[in-house]
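Novice:
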Ligand SMILES: C[S@@+](CC[C@H](N)C(=O)[O-])C[C@H]1O[C@@H](n2cnc3c(N)ncnc32)[C@H](O)[C@@H]1O
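Residue numbers (UniProt numbering): 1 to 197.
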């Protein structure tokens with residue numbers, strides 16, 4: 001099943017994208033400026049929303065996902081360079097980026113603390129960190145269900161943790177959280193933070 005994930009991803013996401021995700025992604029991504037780093041770009045769902053940025057350096061470890069993004073890279077309105085690597089080991093110099101974008105990716109990154117350290121290392125002071133993530137819900141019954149489902153879910157969905165507390169990880173990483181917006185009763189959050197190093 002995990003091997004099929006890159007092929008099924010866009011099809012599985014289509015109803016969600018149509019319902020609300022397109023609006024959330026476009027609203028968030030349009031806040032990007034300057035030189036942008038996108039983490040775990042997958043099939044490139046965000047690429048069409050970038051406007052008025054200098055360029056996007058986009059990383060993705062899974063070549064099967066990146067292959068699905070080729071058409072979107074060609075259609076994008078800004079230059080996009082891609083790199084096959086992980087968020088825990090970014091091949092960029094310190095203080096390189098004005099904005100970092102990460103959508104639906106912190107659930108899957110094996111070592112999110114290390115990824116957040118790397119993001120801060122490559123970000124300029126004051127850089128915007130724009131995230132859209134599903135997270136563990138505050139309501140106990142839902143949160144417990146997410147914890148119970150995660151072992152199976154991880155196997156089916158390419159290592160995705162349903163029970164990750166990404167807002168807590170960000171708030172405790174040294175980033176300054178400026179704005180959090182909740183969707184679907186807190187299952188999804190946009191988290192806008194800044195690098196204050
Ligand atoms: C659910 S997909 C989301 C893709 C895309 N960001 C989106 O919004 O549709 C999660 C992505 O995270 C990538 N990923 C997994 N581990 C990663 C890591 N350590 N660093 C960066 N990306 C990673 C996966 O390969 C996959 O493409």
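Backbone N, C-alpha and C fix where the C-beta goes; we use that ideal spot for every residue, glycine too.
May I have the straight-line CA-CA distance separating residue 122 from residue 152, to the nearest angstrom?
Specialist: Indexing the chain shown from 1 puts residue 122 at position 122. Indexing the chain shown from 1 puts residue 152 at position 152. Cα to Cα, the separation comes out at about 34 Å.
Novice: Just verifying my parser: in three-state terms, what is the DSSP assignment at residue 10?
Specialist: Start at 1 with the first residue of the chain shown, and residue 10 comes out as number 10. In this structure, residue 10 counts as helix in the three-state DSSP scheme.
Novice: Given the structure, does residue 122 come close to ligand 1, in the sense that its CB is under 6 Å from one of the ligand's heavy atoms?
Specialist: Taking the first residue of the chain shown as 1, we reach residue 122 at position 122. No, the beta carbon of residue 122 sits no closer than 6 Å to any heavy atom of ligand 1.
Novice: For a test of the three-state rule: what should DSSP assign to residue 133, helix, strand or coil?
Specialist: Your numbering for residue 133 matches position 133 in the chain shown. Three-state DSSP puts residue 133 in a strand.
Novice: With 16 as the cutoff for other CB atoms within 10 Å, does residue 55 come out buried or exposed?
Specialist: Residue mapping note: residue 55 aligns to position 55 of the chain shown, counting from 1. Exposed: under 16 other Cβ atoms inside 10 Å.
Novice: What did DSSP end up calling residue 44 once you bin it into helix, strand or coil?
Specialist: Taking the chain shown and counting its residues from 1, one reaches residue 44 at position 44. In the structure shown, residue 44 sits in coil (DSSP, three-state: anything other than H, G, I, E or B).
Novice: Residues in the same chain with beta-carbon distance under 8 Å from residue 139, minus the five sequence neighbours each way, listed in chain order, please.
Specialist: If you number the chain shown from 1, residue 139 lands on position 139. Cβ within range, chain order: 185 and 186.
Novice: Given a cut-off of 7 Å on the beta-carbon distance, is the pair residue 158 and residue 5 in contact?
Specialist: Locating residue 158 in the chain shown gives position 158, where the first residue counts as 1. Locating residue 5 in the chain shown gives position 5, where the first residue counts as 1. Closer than 7 Å, so yes.
Novice: Measuring CB to CB, does residue 180 end up less than 7 Å from residue 171?
Specialist: Along the chain shown, one-based indexing puts residue 180 at 180. Along the chain shown, one-based indexing puts residue 171 at 171. Against a cut-off of 7 Å, the Cβ pair of residue 171 and residue 180 comes out as no contact.
Novice: Buried or exposed for residue 94, going by 16 or more other Cβ atoms inside 10 Å?
Specialist: Locating residue 94 in the chain shown gives position 94, counting from the first residue. Exposed, because fewer than 16 other Cβ atoms sit within 10 Å of the Cβ of residue 94.
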